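Undergrad:
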Amino acid sequence: MVPQEVPAHWLARLECLQKGLQDVQYQIGGAAEEERQGVPFTEVVMADELPMNYRTPAITEYDGTTDPVEHLAHFENAALLHRYTDDIICRVFVTTCARAAQQWFNQLPPGAIGSFQEFRSLFLHQFANSRKLRKIELSVFAVRQKDNEPLKEYLQRFNVAALEVPSATLEVKASAFSQGFLDGDFFKSLAKKSVSKFDAILAQAAKYINMEDAQAAKKES
Numbered sequence: 001m002v003p004q005e006v007p008a009h010w011l012a013r014l015e016c017l018q019k020g021l022q023d024v025q026y027q028i029g030g031a032a033e034e035e036r037q038g039v040p041f042t043e044v045v046m047a048d049e050l051p052m053n054y055r056t057p058a059i060t061e062y063d064g065t066t067d068p069v070e071h072l073a074h075f076e077n078a079a080l081l082h083r084y085t086d087d088i089i090c091r092v093f094v095t096t097c098a099r100a101a102q103q104w105f106n107q108l109p110p111g112a113i114g115s116f117q118e119f120r121s122l123f124l125h126q127f128a129n130s131r132k133l134r135k136i137e138l139s140v141f142a143v144r145q146k147d148n149e150p151l152k153e154y155l156q157r158f159n160v161a162a163l164e165v166p167s168a169t170l171e172v173k174a175s176a177f178s179q180g181f182l183d184g185d186f187f188k189s190l191a192k193k194s195v196s197k198f199d200a201i202l203a204q205a206a207k208y209i210n211m212e213d214a215q216a217a218k219k220e221s
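Counting in full-length UniProt numbering, the final residue of the sequence shown is number 221, and the numbers go up one at a time with none missing.
Quick look at the structure:
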C-alpha cells in the first residue's frame, strides 16, 4: 500500500502545535524555577526533607502584635521537643507566622535565610517594636491596697505584678508589699512581731486572710 502524502497545511498545523507545546513547557519550567528562586530560604534549607513522623508544633501563630521574644521561646521549646534539624526549624517556623509576619517574610529577598540563627535575628529586628518593656523593681511599689479591699485581693494583685518583675528580690517584695497595704490590724500585727522576711509576711497574711474569710462567712450566716 502506497503511503499517502500528508497535506502541507496539516504539517504546518502540526509544527504549530509542537511549537505551542514547547512554549508551554518552557513557561512551566521557567515559572517553577522562578518560584524556587523567589523563596527567602537558601537551596540548602529547602533541600532538607521533613521526617516521616513530622508533626506541626501546637503553638499560637504570630501576627506581629505580641512579644516576638515570647513567641520564639515557645517555638524553640517545641522544636527542641521534636528535635528538628536547623533547616527544618526554618521552614517550620515560617508556618507560625500570620498576617503582618507572613507578609514580612514573603517580602524577604530570595536566599536571605540560610540558618535559623539568621531567621531569628531578622525576625527579632523586624518586630522589635512589639517587645514588652521589662518592668523594673520599682514598679512593684506602685501596687497599693485600695480602700475596703480585702487583704486576699490585694495579695493576689501584688503577686501578679511581682511575677512581671523577675529581678525583684525577696527583700524588695517584702518592702513593697509592706508599704502597699493600708494601716490596720494586719499592719499592726507585723509591726508588733517585727516581721520583715517575705515568706514570714506571707505566712502572717495567710492567717489574717483566713480570719477575714471566717468573719465574712459569719456575717452571711
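Glycine is no exception: its CB is placed at the ideal position from the N, C-alpha and C atoms.
As the structure is a computational prediction, the values presented were derived from the model and not from experiment.
Helix, strand or coil for residue 208? Go by DSSP, reduced to three states.
TA: helix
Undergrad: Mind pulling the beta strand (DSSP E) runs of 3 or more residues that sit fully within the segment 69-112?
TA: none
Undergrad: When the Cβ atoms of the segment 178-186 are set against those of the segment 196-209, are three or more pairs found closer than 8 Å?
TA: yes
Undergrad: Please report the distance separating the alpha-carbon of residue 58 from that of residue 214.
TA: One Cα belongs to residue 58, the other to residue 214, and the distance between them is close to 44 Å.
Undergrad: In chain order, what residues of the same chain lie with their CB nearer than 8 Å to the CB of residue 172, ignoring the 5 residues before and after it?
TA: 137 and 140
Undergrad: Take residue 142 as the anchor and find which of 131, 178 and 191 has the nearest alpha-carbon.
TA: 178
Undergrad: Would residue 89 pass as a contact of residue 51 if the rule is Cβ separation under 9 Å?
TA: no
Undergrad: Taking the alpha carbon of residue 46 as the point to measure from, which residue in 182, 92 and 66 has its own alpha carbon closest?
TA: Of the listed residues, the one whose Cα sits closest to residue 46 is 92.
Undergrad: Are three or more beta carbon pairs between the segment 121-133 and the segment 55-73 nearer than 8 Å?
TA: yes
Undergrad: So, for residue 100: in the same chain, excluding its five sequence neighbours on each side, which residues have a beta-carbon less than 7 Å away from its beta-carbon?
TA: Non-local beta-carbon contacts of residue 100 in its own chain, meaning distances under 7 Å to residues more than five positions away in sequence, involve 63 and 64 in chain order.
Undergrad: Between the alpha carbons of residue 42 and residue 53, how many angstroms are there, rounded?
TA: Roughly 24 Å between the two C-alpha positions.
Undergrad: Return the CA-CA distance between residue 86 and residue 170, expressed in angstroms with no decimal places.
TA: 40 Å
Undergrad: State the Cα-Cα distance for the pair residue 49 and residue 84, rounded to the nearest angstrom.
TA: Approximately 11 Å between the Cα atoms of the pair.
Undergrad: Can you tell me whether DSSP reads residue 154 as helix, strand or coil?
TA: helix
Undergrad: Return the chain-ordered list of same chain residues with a C-beta closer than 7 Å to the C-beta of residue 29, the five sequence neighbours on each side being excluded.
TA: Any reading at residue 29 needs caution, since the residue's pLDDT is 49, under 50, leaving its predicted position unreliable; the model's value is listed next. The beta carbon of residue 29 is closer than 7 Å to none in its chain, skipping five residues each way along the sequence.
Undergrad: For my contact list, residue 197 and residue 174 are in at a C-beta cut-off of 8 Å; report their separation, rounded to the angstrom.
TA: Indeed, because the Cβ distance is near 6 Å, the residues count as touching under 8 Å.
Undergrad: Given that a residue counts as buried once 16 or more other Cβ atoms are within 10 Å of its Cβ, and exposed if not, what is residue 211?
TA: exposed
Undergrad: So for residue 41, helix, strand or coil by DSSP?
TA: strand
Undergrad: Within the continuous alpha helix (DSSP H) that includes residue 180, where are the two ends?
TA: 170-180
Undergrad: Any idea which residues DSSP pairs residue 62 with across the strands?
TA: DSSP, once it has assigned bridges, lists 97 as partnering residue 62.
Undergrad: Got a sec, what are the start and stop residues for the alpha helix (DSSP H) residue 238 sits in?
TA: This structure does not reach residue 238, given that the chain is present from 1 up to 221, and the question cannot be answered.
Undergrad: Return the residue from the list 56, 176, 73 and 111 that minimises the CA-CA distance to residue 95.
TA: 56
Undergrad: Between residue 83 and chain B, is any beta-carbon pair separated by less than 9 Å?
TA: No chain B appears in this structure, which consists of one protein chain only.
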